[in-house]
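Heads up, the thing below is written out as structure tokens.
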Amino acid sequence: MAYANPGATRVTDKLKKTLSKKNIGVRFRIVKKIQQVFPSNKDTVPRLLTKCVYELKCTCGKSYIGQTGRSIQCRIKEHQRHTRLGNTDKSTIAEHVHPNENHKIDYGNIRVLDKTTRYYPRIIRESLEIMKNNNNFNREDGYRLSNTWRLAIPRTSDLECHGQPSSTDVQPNIAEPRLKCIGYMYDLVFRYYANQQPRPNGVMVEDEQRA
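In the numbering used here, the protein residues as written are 1068 to 1278.
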């Protein structure tokens, strides 16, 4: 006879005693708790995740966008070591944090922006993410994309600002469609560059022209 009643010790003891008088054997087992059955919804980033573009936020409100082909854990340890040693020439994060103790990087809240195994698509994605976010403290813009693309594509933060209607505006909020449009444009640029690779002199080569 199987019986499950977690947490009700008195009830199960009485039941066992009653059934034993009628020569009925009872076996009890521990039922898994609901936390064990349903995993946590927390979106945690595996520290061993590799080949990705990531974002780290500072307490000042700005963020750093970077890419790594190694594990995120390894890259974070480098940032922390350079910050601790004051190697501002080797780490943009160290340069941002070291002069001001009020700046703290939230290493426990890493945001993965993209997972790209190939190197060139990854550095292109990093550059596009830097372009999208003008509230970053990156020292460099990453891969040098064409100025035509840079002028043609506005930043997401600008669209968020200009897309919001005023308090007296009866028009519906048009920020969301604009943000979808900007996302599509960035994906278009990414696909264009990701299907190319640089020659030794740094010029991008179309897929069809590869050896």
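C-beta atoms are modelled at their ideal positions from N, C-alpha and C, and glycine is treated no differently. All values reported here derive from a predicted model rather than from experimental measurement.
Apart from the five residues on each side of it in sequence, which residues of its chain come closer than 8 Å, Cβ to Cβ, to V1164? For the purposes of this step, residue 1164 is identified with residue 97 of the sequence shown, where counting begins at 1. Closer than 8 Å at Cβ, skipping near neighbours: C1125, T1150, H1170, K1171 and I1172.
Buried/exposed call for N1167, threshold 16 Cβ in 10 Å: For the purposes of this step, residue 1167 is identified with residue 100 of the sequence shown, where counting begins at 1. With fewer than 16 Cβ atoms within 10 Å of its Cβ, N1167 is classed as exposed.
Please name the residue in S1087, N1205, L1152 and Q1147 whose C-alpha comes closest to that of Y1174. Within the sequence shown, the letter at position 107 stands for residue 1174. The residue among S1087, N1205, L1152 and Q1147 with its C-alpha nearest the C-alpha of Y1174 is Q1147.
Residue range of the alpha helix (DSSP H) that includes L1195: Working through the sequence shown from its first residue, we reach residue 1195 at position 128. That run of the alpha helix (DSSP H) goes Y1186 to K1199.
I need the straight-line Cα distance from P1188 to R1094, nearest angstrom please. One-based indexing of the sequence shown puts residue 1188 at position 121. One-based indexing of the sequence shown puts residue 1094 at position 27. Approximately 60 Å, taken between the alpha carbons.
Under three-state DSSP, which class holds C1141? The count along the sequence shown starts at 1 and reaches residue 1141 at position 74. Correct three-state label for C1141: helix.
On the DSSP letters alone, give me the boundaries of the alpha helix (DSSP H) that E1162 sits inside. Numbered from its first residue, the sequence shown carries residue 1162 at position 95. Taken as a continuous stretch (DSSP letters only), the alpha helix (DSSP H) holding E1162 covers T1159 to V1164.
Could you please give the first and the last residue of the uninterrupted beta strand (DSSP E) stretch that includes L1123? Residue 1123 sits at position 56 when you count from the first residue of the sequence shown. L1123 -> beta strand (DSSP E) spans T1117 to K1124.
Among all the DSSP beta bridges, which residues are the ones paired with G1133? Taking the sequence shown and counting its residues from 1, the one referred to as residue 1133 is at position 66. Per DSSP, Y1121.
Spatial neighbours of L1116 in its chain, beta-carbon cut-off 6 Å, leaving aside the 5 residues before and after: Looking up residue 1116 in the sequence shown gives position 49. Same-chain partners within the cutoff: I1139.
Pull up the distance between the alpha-carbon of K1182 and that of G1153, whole angstroms please. Here the question's residue 1182 lines up with position 115 in the sequence shown. Here the question's residue 1153 lines up with position 86 in the sequence shown. So the two alpha carbons sit approximately 30 Å from each other.
Using DSSP bridges, identify the partner residues of I1172. Numbered from its first residue, the sequence shown carries residue 1172 at position 105. BP columns for I1172 point to C1125.
Judging by CA-CA distance, which residue of L1082, D1208 and F1204 is the nearest neighbour of A1161? Locating residue 1161 in the sequence shown gives position 94, counting from the first residue. The option with the nearest alpha carbon to A1161 is F1204.
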